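K.L.:
Before anything else, here's the structure in question.
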Amino acid sequence: MSIGTILRPGLTLLLLALVLKPAWFAPVFAPLAPQGAPVIYERASLLSLSLSHLGLVAAATAAATLVSVTLAILVTRQAGAAFRPLSRTIANMGQTFPPVAVLALAVPALGFGAGPTLVALFLYGLLPIFENTVTALLTLPPATMEAARGIGLNRWQRLVRVELPLALPVMLTGIRLSAVIALGTATIGSTVAARTLGEVIIAGLLTNNTAYVLQGGLIVGLFAVLIYDALVQLEAYLARRTRG
1235 MSIGTILRPG
1245 LTLLLLALVL
1255 KPAWFAPVFA
1265 PLAPQGAPVI
1275 YERASLLSLS
1285 LSHLGLVAAA
1295 TAAATLVSVT
1305 LAILVTRQAG
1315 AAFRPLSRTI
1325 ANMGQTFPPV
1335 AVLALAVPAL
1345 GFGAGPTLVA
1355 LFLYGLLPIF
1365 ENTVTALLTL
1375 PPATMEAARG
1385 IGLNRWQRLV
1395 RVELPLALPV
1405 MLTGIRLSAV
1415 IALGTATIGS
1425 TVAARTLGEV
1435 IIAGLLTNNT
1445 AYVLQGGLIV
1455 GLFAVLIYDA
1465 LVQLEAYLAR
1475 RTRG
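Written out as structure tokens, the structure reads:
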């Protein structure tokens, strides 16, 4: 039995307990709270904050995946190859702007709430997915592509039936990186009134309550580890199917 097989259920149970029954951990967090201050964050349901946090990450990652994959497909075709450097520059811009700066620029246009956070997460998630998809599509086995042409598949059929299925494991690596980055970055969304687990961390920082900070950080960290692990398992499964 591998370490992952042992740790995975334990970390999942720990996460569920932290979100659903946080009061169980009051004795653990109590030494980190100021004298007489609350130990467990109770201003909002940790479950609702977690679901909202995950929803923002899922929406931003899905949008980044759609745009990145579409752009990667276009620039790996012969007609779009000349635009590859420009597309790389555009994808890189999302990483060069700090998320806090994106939030500050987006708030006047979109107002407070989830909108600015979605924009920041979307821009930050473009590059890993785009680069991995381009790499995957440009390094497909020539023999396989020639065989696809030989059996009479047109360009669209080759893309849908051959190229994308073969590229999927590498594409998924980029999606995994983007999702994990978004999970951590989404916490700053609470600075502009988005409902995320950052609300717990920020409340702890404002009140000098380390128990809150650890509580929020631990939940976000566990989500990141478990989602990362789940996507690694999915990548391995798809890679086995591709080789088979």
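Residues in the sequence shown are numbered from 1235 upward in steps of one, following the numbering used here.
Glycine included, each C-beta is placed from N, C-alpha and C at the ideal position.
A quick note: this is a predicted structure, and the numbers were derived from the prediction, not measured.
1. Ser1412 and Ile1363: beta carbons closer than 7 Å?
2. Which residues in the same chain have their Cβ closer than 8 Å to the Cβ of Phe1263, if we skip the five residues on either side of it in sequence?
3. Hey, is the segment 1393-1405 in contact with the segment 1368-1375, meaning 3+ C-beta pairs nearer than 8 Å?
4. Considering just the uninterrupted stretch of the alpha helix (DSSP H) at Ser1279, what are its terminal residues?
5. Could you please give the first and the last residue of the uninterrupted alpha helix (DSSP H) stretch that includes Trp1390?
6. Between the Cα of Thr1367 and the Cα atoms of Gly1451, Phe1346, Ala1343, Leu1393, which residue gives the shortest distance?
7. If the criterion is Cβ atoms closer than 7 Å, does the pair Ala1420 and Leu1352 meet it?
8. Let me know if Gln1467 comes out buried or exposed under the rule of 16 or more other beta-carbons within 10 Å of its beta-carbon.
9. Sorted by chain position, which residues of the same chain lie with C-beta nearer than 6 Å to Thr1239's C-beta, five sequence neighbours on each side aside?
10. Using three-state DSSP, classify Arg1383 as helix, strand or coil.
11. Which stretch, first to last residue, makes up the alpha helix (DSSP H) that contains Asn1366?
P.N.:
Put simply:
1. One-based indexing of the sequence shown puts residue 1412 at position 178. One-based indexing of the sequence shown puts residue 1363 at position 129. Yes, they are a contact pair.
2. Residue mapping note: residue 1263 aligns to position 29 of the sequence shown, counting from 1. Closer than 8 Å at Cβ, skipping near neighbours: Val1273, Ile1274, Ala1445, Leu1448, Gln1449.
3. yes
4. Translated into the one-based positions of the sequence shown, residue 1279 becomes position 45. Per DSSP, Ser1279 belongs to no alpha helix (DSSP H) and is neither H nor E.
5. Residue numbering aside, residue 1390 sits at position 156 when the sequence shown is read from its first letter. Its alpha helix (DSSP H) spans residues 1389-1392.
6. Indexing the sequence shown from 1 puts residue 1367 at position 133. Per the Cα distances, Leu1393.
7. Along the sequence shown, one-based indexing puts residue 1420 at 186. Along the sequence shown, one-based indexing puts residue 1352 at 118. No, the Cβ-Cβ distance between Ala1420 and Leu1352 is not below 7 Å.
8. Position 233 of the sequence shown holds residue 1467. Looking at its Cβ environment, which holds fewer than 16 other Cβ atoms inside 10 Å, Gln1467 is exposed.
9. If you number the sequence shown from 1, residue 1239 lands on position 5. Excluding positions up to five away in sequence, the list is empty.
10. Within the sequence shown, numbered from 1, the residue matching residue 1383 stands at position 149. Correct three-state label for Arg1383: helix.
11. Here residue 1366 is taken as the residue at index 132 of the sequence shown, counted from 1. Asn1366 -> alpha helix (DSSP H) spans 1348-1372.
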